[in-house]
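A.B. asks: In the working numbering, the protein residues as written are 5 to 198. Even for Gly, the Cβ is constructed at its ideal location relative to N, Cα and C.
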Ligand code: AMP
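(1) Enumerate, from N- to C-terminal direction, the unbroken alpha helix (DSSP H) stretches of 4 or more residues contained entirely within the stretch 39-74.
(2) Got a sec, what are the start and stop residues for the beta strand (DSSP E) residue 122 sits in?
(3) What residue does the alpha helix (DSSP H) around residue 149 start on, and which one ends it?
(4) Secondary structure at residue 97, three-state DSSP: helix, strand or coil?
(5) Closer than 8 Å: is that where the CB of residue 131 sits relative to any heavy atom of the ligand AMP?
(6) Quick test of your reading: residue 61 and residue 76, contact by CB under 8 Å. State the CB separation rounded to the nearest angstrom.
(7) Measuring CA to CA, which of 65, 15 and 42 is closest to residue 210?
(8) Once the 5 residues before and after residue 130 are set aside, which same chain residues still bring their CB inside 8 Å of it?
(9) Below 8 Å CB to CB, which residues in the same chain sit around residue 183 once its five sequence neighbours on both sides are set aside?
Take a look at the structure:
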């Protein structure tokens with residue numbers, strides 16, 4: 005099995021509905037590939053916990069399951085991707101979630117003269133997503149909020165799959181298996197494409 009060495013320095017997106025295991029896989033894969041895992045959801049939760057201006061601005065939006073506006077997210081991501089640790093690749097989890105965000109990301113990377121190497125889509129059946137999300141017990145994991153996040157995912161985020169497929173970047177992986185098996189399947193799909 006490929007150990008990910010040929011993927012060192014890769015710039016990757018983890019893509020998938022809420023509850024698909026993006027965050028878990030991003031953390032494991034980032035450490036296997038030696039690149040930072042960047043989760044916009046985690047950054048926003050930290051901002052809320054710290055009570056920063058950003059945190060105060062996004063707290064209510066996050067608990068309702070809605071998306072934070074593209075302009076605010078552009079600032080967060082532009083700032084994060086300007087940091088040195090992303091110079092040798094990164095694994096972005098939870099961004100982009102709208103067409104506007106995809107355009108922003110493209111611009112940020114173009115400004116740095118780099119490009120994405122792959123977009124991993126974790127494919128998981130919807131009923132499994134609700135079960136998983138309810139088991140996490142996060143503040144924004146009440147059932148109606150989970151359903152709202154899924155609705156927003158389908159209307160605003162899922163269309164990006166076609167965009168990345170057209171660019172030849174999309175790698176679809178069956179996310180309905182054990183954590184280890186998903187990790188191996190992701191590494192295999194990326195190695196195939198490398
Ligand atoms: P996540 O941990 O990725 O599920 O994100 C948790 C919440 O943070 C989401 O439900 C949104 O309210 C907000 N959020 C995270 N990433 C983004 C993004 N790229 N665009 C808009 N809102 C986001």
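C.D. replies: Once the coordinates are examined:
(1) Correct list: 44-54 and 57-68.
(2) Translated into positions along the chain shown, residue 122 becomes position 118. Residue 122 -> beta strand (DSSP E) spans 122-127.
(3) Within the chain shown, residue 149 is the residue found at index 145, counting from 1. Annotation for residue 149: the continuous alpha helix (DSSP H) segment containing it runs 147-156.
(4) The residue you call residue 97 lines up with position 93 of the chain shown. Residue 97 falls in the strand class under three-state DSSP.
(5) As a first step, residue 131 must be located in the chain shown, where it is residue number 127. Checking the Cβ of residue 131 against the ligand AMP gives no.
(6) The residue given as residue 61 occupies position 57 in the chain shown. The residue given as residue 76 occupies position 72 in the chain shown. Beta-carbon to beta-carbon, residue 61 and residue 76 are separated by about 7 Å, close enough to satisfy the 8 Å threshold.
(7) Because the chain in this structure spans residues 5 to 198, residue 210 falls outside the shown range and cannot be described.
(8) Reading the chain shown from its first residue, position 126 is the one you call residue 130. Its chain contains 21 and 154 as the residues whose beta carbon lies nearer than 8 Å to that of residue 130, once the 5 sequence neighbours on both sides are disregarded; these appear in chain order.
(9) In the chain shown, the residue the question calls residue 183 occupies position 179. Cβ within range, chain order: 25, 28, 29 and 32.
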